[in-house]
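Just so you know, we're using the numbering used here here: the sequence shown kicks off at 1 and counts up by one. Using N, Cα and C, we set each Cβ at its ideal position, and we do this for glycine too. No experiment lies behind these values; they were computed from the predicted model shown. Right, one structure below, let's go through it.
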Amino acid sequence: RLLDRHGEDVLRKRKNRYYSPELKLEIINKVSMEHRSINETAIEYGLSSHGILCNWMKSYKENGYTIVEKKRGRSPTMSKKVKPVDPNDKDAIIRQKDEEILRLRAENEYLKTLRAVVQARKDRQPKKK
1 RLLDRHGEDV LRKRKNRYYS PELKLEIINK VSMEHRSINE TAIEYGLSSH
51 GILCNWMKSY KENGYTIVEK KRGRSPTMSK KVKPVDPNDK DAIIRQKDEE
101 ILRLRAENEY LKTLRAVVQA RKDRQPKKK
């Protein structure tokens, strides 16, 4: 029925298709407000399967009837940024400085170990004449 309605172009669409939150809400409202079947609505909008719509509806109900967009891609690993501290809060300043000192000490230990490993490799290699 999907091919009859939309033709072969529906099958040629990309694997990871993006659906905007507005479109998702419109499709969910067709099913919930107008009492249309999930299969019929999925075919009407050219969704690859009715399971996609079922997942959207489940997520919609679990999140308090709001559309939540998933973030795409891998999350950054080094995203920790230093938060500005109130200059009048001395305890917060001391805490921040202590954290920075610990981080720098750990970094120094890592660099010393790395340097020792590199030096040991150089010492093992035979010298060229």
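Item, Value
"Whole-angstrom distance between Ile94 and Asn88, CA atom to CA atom", "11 Å"
"DSSP-derived helix/strand/coil call for His50", "helix"
"Outcome for Lys24 when other beta-carbon atoms lying within 10 angstroms are tallied against a minimum of 16", "buried"
"Anticipated Cβ contact below 8 Å, Pro21 with Glu62, distance rounded", "In fact, because the Cβ distance is near 16 Å, the residues do not count as touching under 8 Å."
"Simplified DSSP assignment, three categories, for Ser32", "helix"
"Inter-residue Cα distance where the pair is Glu99 and Lys83", "12 Å"
"Span separating the alpha-carbon of Asp91 from that of Val85", "10 Å"
"Check whether His35 and Ala42 have beta carbons under 8 Å apart", "no"
"Whole-angstrom distance between Ser59 and Ile27, CA atom to CA atom", "14 Å"
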